[in-house]
Amino acid sequence: MEWFIIVLLTMSTGETSEKILTNLRFKTENSCQKYVIKNYENLNVGLNKDYEQHESTPNLYRCVTSMP
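Just so we're aligned: 45 in the working numbering is position 5 of the sequence shown, and the numbers increase by one with no gaps anywhere.
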């Protein structure tokens, strides 16, 4: 089973959008969560730049797995 990250983008317009980070895959939920915690700032700044949001806008990250 593989785990990946889904991001809920909290945009300054009051809207929300989601993004699935398919390029990052993990063998366990724990390893996924540790990656998010360790890399939160870089993930956040990069996504905010991609979506033209202020770099400090917080986003929500969740590790999920697909159903077999």
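Idealized CB from N, CA, C, for every residue including glycine.
Residue range of the unbroken alpha helix (DSSP H) whose run includes E81: E69 to D90
Closest Cα partner of T56 within the set L64, N63 and V47: V47
Span of the beta strand (DSSP E), counted from its first residue to its last, around S57: T56 to F66
Quick one: is I29 buried, meaning 16 or more other Cβ sit within 10 Å of its Cβ, or exposed? Residue 29 is absent from the model: the chain starts at 41 and stops at 108.
Could you give the DSSP three-state label for T97: helix, strand or coil? coil
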